[in-house]
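Read through the structure below, which is laid out as C-alpha cells, and then see the notes.
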Amino acid sequence: MNHEPAAPPPPPPAPPVPLAPPSPMAEARPFHDPLHMPEQPEQDLVVQTRGLTKTYGQLYALNNLDLDIPRGTIFGMIGPNGAGKSTAFLILATLLVPTKGWATVCGHPTLDEPKSVRRKMGYMPDVMGVYENLTVTEYLEFHAATYHIPSAEWPELIHGLLELVELDVKRQTIVDDLSRGMKQRLSLARALIHDPELLILDEPASGLDPRARIELRQLLIQLQDMGKTILISSHILAELQQMCSEIAVIEAGRLLASGSPNAIMDSLGAGRAVRVTFADGSVEDFPVADDAAQQELLRRLVLDDARPVSEFTSVSRDLEDLFLKITEGIVQ
Ligand SMILES: Nc1ncnc2c1ncn2[C@@H]1O[C@H](COP(=O)(O)OP(=O)(O)O)[C@@H](O)[C@H]1O
Ligand SMILES: [Mg+2]
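Numbering (numbering that gives the first Met the number 0), first residue to last: 0 to 331.
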C-alpha cells in the first residue's frame, strides 16, 4: 500500500519483505512490526514463536524463545520450576503480553488476533479455579456459554466430552468434590469444549497418582489420534518421555535444546546401549552410537541363529539423564 500523495516522484521499490524474521536472538522486535512477522505463516506449524521474551523488572521469565511446533505432534516443554513454561503458555493462550518477540497459533498472531487464537486453542492452566457448588455438567455448560455455543448443542457436546474423559458417571457431582485426577480430566474436557486444534496443557500430570498418569497419557494419545496437536509441560521428565515426539528443554527462560529425545541424546554424544535378553536367559548390554548403529545391531542379532533373542530394550537414556546433561552448570 502506498499512501504517498501523487505529486512527488514515486519512492524506489521497497526491498522484499522477508517471509521469516532473521533468526539471531538479538534481533527480536515487538511482533506487530510487520517486517518481522512471516507474511504467510507456515501451515504445518501450529505454534511458532520468535524471540519471545517476557521480563519482570530485571528478571527474564522468557528470554528469546524460538519454537516451531508441527501439526499433530505431542510436544513436551521441560524445565525446572521457574524455567518459564507457564509464562510461554500464558502468552500462547493470549492471557499475557510479551515484552518482545512474537508468537502465532495456527498462523494467527497472539497480540493482533487474540479471538482467532482462542478459537483454535484450548488452554488448561496448572491450577483449576474454585467453582463452588457447580456440578460437573453445570461447569461445562458455563464454559460452553462463554464460547457462545448454542445451548441446544450442550447436552450432546457435554455427554461426548464426559464420555471421552470417563467422567460420565460424575456428571451430577459437585466439581470441588472430585479427586485431583478427575478434576484434571474435567479441566481437559473444558479445554476441548470448542474443539480446538491445539491443546496447551500446563503440567497436567502434577499431583496425579501413577494410575491417573497412565490414564492421562492414554487420553492424550487418543486426542493426538483425533488430529489434535498437544503442547504439554512438566518438570518431571520421565512423564513425557513415552508420549512426546519432540521436546524443548528450557531453563531460566532460555531454550537449551529441542528435537526428538533421541536426536538430542545423540548430539550430546550421550552413552546409549541396547540391553538384550537371550533365549537362554543371559543378558548383555551392547553400546551403540546412534539410531543407525542400533538398527544394524538389532538386524545382526536377529539373524544370528546361534543365539536367539527373546527381548531387547534401550538403556541409560531417559529424559532425566538428558536433562541433567543439558542443564549441567547452569545456576538457577
Ligand atoms: N507475574 C509475575 N511477576 C513477577 N515474576 C513472575 C511473574 N510470573 C512469573 N514470574 C517469574 O518468572 C519466572 C518464570 O515463571 P514460570 O513461567 O511460572 O515458570 P514455570 O512455569 O516454568 O515454573 C519465575 O522466576 C517466576 O518467579
Ligand atoms: Mg508453571
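Backbone N, C-alpha and C fix where the C-beta goes; we use that ideal spot for every residue, glycine too.
Taking the C-alpha atoms as reference points, what is the distance between residue i and residue j?
{"i": "residue 174", "j": "residue 248", "result": "34 angstroms"}
{"i": "residue 188", "j": "residue 50", "result": "32 angstroms"}
{"i": "residue 271", "j": "residue 263", "result": "12 angstroms"}
{"i": "residue 225", "j": "residue 305", "result": "45 angstroms"}
{"i": "residue 67", "j": "residue 235", "result": "22 angstroms"}
{"i": "residue 119", "j": "residue 196", "result": "5 angstroms"}
{"i": "residue 259", "j": "residue 167", "result": "36 angstroms"}
{"i": "residue 139", "j": "residue 156", "result": "9 angstroms"}
{"i": "residue 257", "j": "residue 78", "result": "12 angstroms"}
{"i": "residue 81", "j": "residue 171", "result": "37 angstroms"}
{"i": "residue 115", "j": "residue 241", "result": "32 angstroms"}
{"i": "residue 76", "j": "residue 123", "result": "14 angstroms"}
{"i": "residue 310", "j": "residue 245", "result": "26 angstroms"}
{"i": "residue 290", "j": "residue 308", "result": "19 angstroms"}
{"i": "residue 104", "j": "residue 159", "result": "26 angstroms"}
{"i": "residue 252", "j": "residue 48", "result": "13 angstroms"}
{"i": "residue 202", "j": "residue 151", "result": "33 angstroms"}
{"i": "residue 63", "j": "residue 69", "result": "20 angstroms"}
{"i": "residue 199", "j": "residue 298", "result": "40 angstroms"}
{"i": "residue 106", "j": "residue 130", "result": "34 angstroms"}
{"i": "residue 312", "j": "residue 58", "result": "43 angstroms"}
{"i": "residue 126", "j": "residue 261", "result": "32 angstroms"}
{"i": "residue 96", "j": "residue 285", "result": "50 angstroms"}
{"i": "residue 165", "j": "residue 56", "result": "44 angstroms"}
{"i": "residue 46", "j": "residue 181", "result": "28 angstroms"}
{"i": "residue 227", "j": "residue 243", "result": "13 angstroms"}
{"i": "residue 255", "j": "residue 60", "result": "14 angstroms"}
{"i": "residue 110", "j": "residue 219", "result": "28 angstroms"}
{"i": "residue 71", "j": "residue 117", "result": "18 angstroms"}
{"i": "residue 142", "j": "residue 54", "result": "31 angstroms"}
{"i": "residue 98", "j": "residue 280", "result": "59 angstroms"}
{"i": "residue 113", "j": "residue 65", "result": "20 angstroms"}
Exposed or buried, residue i, counting other C-beta atoms within 10 Å across all chains shown (16 or more means buried)?
{"i": "residue 217", "result": "exposed"}
{"i": "residue 186", "result": "buried"}
{"i": "residue 183", "result": "buried"}
{"i": "residue 250", "result": "buried"}
{"i": "residue 33", "result": "Because residue 33 sits at a pLDDT of 42, beneath the cut-off of 50, its placement in the model cannot be relied upon, and the point is left open."}
{"i": "residue 179", "result": "exposed"}
{"i": "residue 84", "result": "buried"}
{"i": "residue 108", "result": "buried"}
{"i": "residue 86", "result": "buried"}
{"i": "residue 14", "result": "For residue 14, the predicted model reports a pLDDT of 44, less than 50, meaning its position is unreliable; a value from the coordinates is still stated below. By the neighbour-count rule (16 or more Cβ atoms within 10 Å), residue 14 is not buried but exposed."}
{"i": "residue 314", "result": "exposed"}
{"i": "residue 301", "result": "exposed"}
{"i": "residue 132", "result": "exposed"}
{"i": "residue 303", "result": "exposed"}
{"i": "residue 121", "result": "buried"}
{"i": "residue 93", "result": "buried"}
{"i": "residue 238", "result": "buried"}
{"i": "residue 278", "result": "exposed"}
{"i": "residue 161", "result": "buried"}
{"i": "residue 88", "result": "buried"}
{"i": "residue 154", "result": "exposed"}
{"i": "residue 102", "result": "buried"}
{"i": "residue 190", "result": "buried"}
{"i": "residue 144", "result": "exposed"}
{"i": "residue 128", "result": "exposed"}
{"i": "residue 233", "result": "buried"}
Would you mind giving the Cβ-Cβ distance between residue i and residue j, rounded to the nearest angstrom? I have them listed as a contact below 8 angstroms.
{"i": "residue 222", "j": "residue 215", "result": "Wrong, their Cβ atoms sit about 11 angstroms apart, outside the cutoff."}
{"i": "residue 275", "j": "residue 293", "result": "Contact doesn't hold; Cβ gap of about 11 angstroms is too wide."}
{"i": "residue 73", "j": "residue 229", "result": "5 angstroms"}
{"i": "residue 100", "j": "residue 136", "result": "So it is not a contact: roughly 41 angstroms between Cβ atoms."}
{"i": "residue 210", "j": "residue 204", "result": "Actually they do not touch by this definition, with Cβ atoms about 12 angstroms apart."}
{"i": "residue 287", "j": "residue 296", "result": "6 angstroms"}
{"i": "residue 163", "j": "residue 169", "result": "Contact doesn't hold; Cβ gap of about 13 angstroms is too wide."}
{"i": "residue 193", "j": "residue 148", "result": "7 angstroms"}
Please specify which runs of the beta strand (DSSP E), each continuous and at least 3 residues long, are wholly inside the segment 110-185, giving them in chain order. 120-123
As an exercise, report each continuous beta strand (DSSP E) stretch of at least 3 residues that is fully enclosed by the segment 247-318, in chain order. 253-258, 271-277, 282-287 and 308-314
As an exercise, report each continuous beta strand (DSSP E) stretch of at least 3 residues that is fully enclosed by the segment 78-111, in chain order. 99-104
Ligand 1: which residues have Cβ under 5 angstroms from any of its heavy atoms, chain order? 55, 60, 80, 81, 82, 83, 84, 85 and 86
Ordered list of beta strand (DSSP E) runs contained in the segment 40-77, each at least 3 residues: 44-55, 58-69 and 73-77
Quick check for students: name the residue ranges of the beta strand (DSSP E) that lie wholly in the segment 200-233, counting only runs of 3 or more. 228-233
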